[in-house]
Amino acid sequence: MSAGDSGRRRTQNGQTVRRAEDAGTDIEVRPATAADEIAVLNLIEELFDPPGSRPPNYSRDRSSTGFRAAVEGADADILLAVRDDHAIGLASVYADIQSIRYGKRCWLQDLIVSQEQRSTGVGAALLAEASDWARAHGCTHLELASGAGRKDAHRFYLREGMSQSYNFQLWLG
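Quick note, this note's numbering runs 11 ahead of the 1-based positions in the sequence shown.
1. With DSSP as the reference, please indicate the residues paired to G100 in a beta bridge.
2. From which residue to which residue does the beta strand (DSSP E) around H152 run?
3. If you follow the alpha helix (DSSP H) that D187 is in, where does it begin and where does it stop?
4. Run through DSSP, which three-state label would I111 get?
5. Bridge partners of L119, per DSSP?
6. Going by beta carbon distance, what residues of the same chain come within less than 6 Å of A87, once the five residues before and after it are set aside?
7. When the Cβ atoms of the segment 38–47 are set against those of the segment 89–105, are three or more pairs found closer than 8 Å?
8. DSSP has A87 in a bridge; who is on the other side?
9. Is N53 helix, strand or coil when you go by DSSP?
10. In terms of alpha-carbon separation, which member of E127, C117, F78, F59 lies closest to G158?
11. Between S64, R71, G114, which lies nearest to A145 when the distance is taken from Cα to Cα?
12. Check whether the Cβ atoms of E127 and F78 sit closer than 7 Å, and answer yes or no.
13. Assign S130 to one of three DSSP states: helix, strand, or coil.
14. In angstroms, rounded to a whole number, what distance separates the CA positions of G35 and C117?
15. State buried or exposed for Q23, treating a residue as buried only when at least 16 other CB atoms are found within 10 Å of its CB.
16. Can L52 and S70 be called in contact, C-beta distance under 7 Å?
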């Protein structure tokens with residue numbers, strides 16, 4: 012977590028949130044709720060901006076279905092970064108496979124910080140919260156895939172202590 016972390020607290024509904032102060036502004040990282048759907052889908056679509064691209068056969072309806080499954084599922088969550096009541100970033104996490112070699116994996120499917128909020132500690136707060144979420148769900152490690160052209164993201168992940176590996180993908184249909 013970045014310097015100035017003021018720790019965790021419980022909200023009224025019992026959810027754990029992370030509060031971090033960076034550059035004099037307050038960031039809250041909390042689990043997304045159904046009311047956050049539009050903000051989350053808008054953030055997800057920022058991943059399509061260069062150097063990213065729109066996935067084959069992308070639809071907002073399918074994304075909406077995925078959002079609800081993550082928010083409602085026991086082994087998935089969307090961690091939402093909020094500053095001044097605006098969603099500024101998210102991490103979608105899934106405790107998915109029990110590997111023979113590595114143990115239970117946490118897959119970090121999406122990590123996005125709004126363009127204007129990058130390099131302000133939001134990404135580090137989200138990654139720290141994703142790691143805590145993974146530990147709480149019995150995961151031994153956290154993995155993600157990052158497009159080859161996302162050099163800034165790669166520098167961020169390396170700076171945050173991740174090791175680089177390769178990932179391959181095959182779209183089915």
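Where is the CB? At the ideal position from N, CA and C, for every residue including glycine. In this text the structure is predicted, and so the values were computed from the model without any measurement.
In this structure, then:
1. A92, V124
2. 152–154
3. Since the first and last residues shown for the chain are 12 and 184, residue 187 lies out of range.
4. coil
5. V104
6. A81, Y105
7. yes
8. Y105
9. helix
10. F59
11. G114
12. no
13. coil
14. Confidence is the limiting factor: at G35 the pLDDT is only 48, short of 50, which leaves the residue's position unreliable, though a coordinate-based value still follows. Cα-Cα distance, rounded: 32 Å.
15. At Q23 the pLDDT is 34, less than 50, meaning the model places this residue with poor confidence; the figure from the coordinates comes in the next sentence. Burial call: exposed.
16. no
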